[in-house]
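Heads up: the sequence shown begins at 13 in the working numbering, then just goes up one per residue.
Cβ atoms here follow ideal geometry from the backbone N, Cα and C, with glycine treated the same way.
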Amino acid sequence: GALFDDVTPWLHRIARARAVLVEPVPYNQKRLRANYPDTERFIIEPVAVTRTKGSITVHTFDAAALEAGTLPIEFIGCSSVTDTNLMSGKNAWGEEDSNFNKFAPYLKDIEVASETLQTLLDRNDITHIDAFLVDCEGADWIVFDQLDLKRYRPGMIKIEVGALPAAEIGQVVVKLKTAGYQVGFQAEDIWAFA
Numbered sequence: 013g014a015l016f017d018d019v020t021p022w023l024h025r026i027a028r029a030r031a032v033l034v035e036p037v038p039y040n041q042k043r044l045r046a047n048y049p050d051t052e053r054f055i056i057e058p059v060a061v062t063r064t065k066g067s068i069t070v071h072t073f074d075a076a077a078l079e080a081g082t083l084p085i086e087f088i089g090c091s092s093v094t095d096t097n098l099m100s101g102k103n104a105w106g107e108e109d110s111n112f113n114k115f116a117p118y119l120k121d122i123e124v125a126s127e128t129l130q131t132l133l134d135r136n137d138i139t140h141i142d143a144f145l146v147d148c149e150g151a152d153w154i155v156f157d158q159l160d161l162k163r164y165r166p167g168m169i170k171i172e173v174g175a176l177p178a179a180e181i182g183q184v185v186v187k188l189k190t191a192g193y194q195v196g197f198q199a200e201d202i203w204a205f206a
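Written out as structure tokens, the structure is:
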């Protein structure tokens, strides 16, 4: 939702739509609020979703370098808590990338608060979910694994899997198919419909 987002346009068009938006990186929280200014409809949770409450290290890029245009604007949404992305060499921007040395000095680690998914849902009194979207740059299975599909049964689920290892992509598909969802792939996303 901070920049390159296929959800923002239609979410604004749905009358009375509400959303809990999770964003642990402070500079992205500001951008997200600019995209979703209605604080009654759109709650921003400034935490990362993890399996236990606490804090977690997020690999990100220097905010000043992003704002100054020193780094490509698409780097704004590339923070990660895993080593499968963000110049790790396992997926993209590794040492084989000709731009690695140009961008590596701007990498930084920040500590952010973390909560379980159920804690966030309970805190916001979420009893029904129409659409559940996950785009966590490699932590997508950690989030989706916690969603109780029997309890919430979202009509539509979209999970980015481009930075997930093959085993976790398989776990996503198995969880969805076992719950009776129709599943399809589009680019780096899995879409599922109840």
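Residue i classed as buried or exposed, judged by whether at least 16 other C-beta atoms fall within 10 angstroms
i	result
E52	exposed
T72	buried
V186	exposed
N103	The predicted position of N103 is uncertain, since its pLDDT is 43 and thus under 50; a value taken from the coordinates is nonetheless stated next. The residue in question, N103, is buried, as its Cβ has 16 or more Cβ neighbours within 10 Å.
N111	exposed
W22	exposed
N40	buried
I85	exposed
A31	buried
I26	exposed
A204	buried
Residue i to residue j span [Cα, whole Å]
i	j	result
V61	N113	31 Å
A125	G192	34 Å
G101	Y48	Note on G101: pLDDT 44, under 50, position unreliable in the model; no value is reported.
V173	A80	30 Å
Q194	F144	15 Å
T20	E200	18 Å
V37	D147	14 Å
F87	W153	22 Å
F115	R45	27 Å
P58	V34	6 Å
Extent of the continuous alpha helix (DSSP H) run through residue i
i	result
V155	D152 to F156
L33	Looking at the DSSP string, L33 is not in any alpha helix (DSSP H); the run it does join, the beta strand (DSSP E), is A31 to V34.
H140	Careful: H140 lies outside any alpha helix (DSSP H) and carries neither H nor E.
Contact belief for residue i with residue j at Cβ below 8 Å, rounded distance in angstroms
i	j	result
A175	G196	19 Å between Cβ atoms; not a contact.
E123	T69	6 Å
K120	D74	6 Å
Residue range of the beta strand (DSSP E) that includes residue i
i	result
T162	Checking the displayed sequence, the identity of residue 162 turns out to be Lys instead of Thr. Here K162 belongs to no beta strand (DSSP E); instead the alpha helix (DSSP H) covers L161 to Y164.
L119	L119 to E127
V70	G66 to F73
F87	That residue, F87, is in no beta strand (DSSP E); it is neither H nor E in DSSP.
Option in the options with minimal Cα separation from residue i
i	options	result
L188	A179, D201 and A206	A206
Q130	A178, R163 and L44	R163
G167	I154, D142 and V146	D142
I56	L132, A27, A76 and G182	L132
T139	V155, T190 and L159	L159
I202	I169, A179, E180 and A178	I169
N136	R43, F54, K42 and H24	F54
Y118	D157, V155 and L78	L78
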